[in-house]
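*Asks:*
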Amino acid sequence: MSDPVRVDKWMWAVRLFKTRGLAAKACETGRVKAGERILKSSSELRGGELLELPFPEGPGTRTVRVLGLIDKRVGAPEARAACEEITAPEVLEIRKQWLEGRAHRLIGDQGRPTKKNRRQIDEHRGFFE
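Under full-length UniProt numbering, residues 1 to 129 are what the sequence shown spells out, in order.
1) Do A34 and R73 come within 7 Å of each other at the CB atom, strictly closer than that value?
2) Suppose the cutoff is 6 Å on Cβ atoms and the five residues either side in sequence are ignored; what does the same chain contact list for A79 look like?
3) Using C-beta distances below 7 Å, list every residue in its chain close to S42, excluding the 5 sequence neighbours before and after it, in chain order.
4) Mapping DSSP to helix, strand and coil, what is P113?
5) State the start and end residues of the unbroken alpha helix (DSSP H) segment that holds P89.
6) Could you give the DSSP three-state label for L22: helix, strand or coil?
7) State buried or exposed for A76, treating a residue as buried only when at least 16 other CB atoms are found within 10 Å of its CB.
8) Can you check which of these residues, C83, R102, E57, E28, is closest to E49 by C-alpha distance?
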């Protein structure tokens, strides 16, 4: 059996978080769990464990099964082979809706919104009737 790997290193290596610091911060909040056990960033993973962790941005908690132990950042195909996403479809649907709600910022110009754009954004978010 292969050597255990730190949780923060593994989450970064399989591309669940953009940086290792963000992975460690998620562990510090106490939201990364293996069953009932809350994991610290220095906790060691073993193959086959089921992890619950927050999405890096936005609502929801994803569920991931550890298939392979890697501690170095690898390409996307190798990263997908090291973990299995088993998040509930309802959670993914809520996340999809949340991302669509943010889409107004991605459309059109990317600079500071004009006064007209600001009004449209506020209306979209429900601040005005």
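Using N, Cα and C, we set each Cβ at its ideal position, and we do this for glycine too.
*Replies:* In short:
1) In this structure, A34 does not lie closer than 7 Å to R73 by Cβ.
2) Closer than 6 Å at the Cβ level, and outside the excluded window around A79, lie V14, R15.
3) Closer than 7 Å at the Cβ level, and outside the excluded window around S42, lie R6.
4) The answer is coil: DSSP assigns P113 none of H, G, I, E or B.
5) Counting along the chain, the unbroken alpha helix (DSSP H) around P89 starts and ends at 89-101.
6) Three-state DSSP puts L22 in a helix.
7) Of the other Cβ atoms in all chains shown, fewer than 16 fall within 10 Å of the Cβ of A76; this residue is therefore exposed.
8) Minimum Cα distance to E49 is reached at C83.
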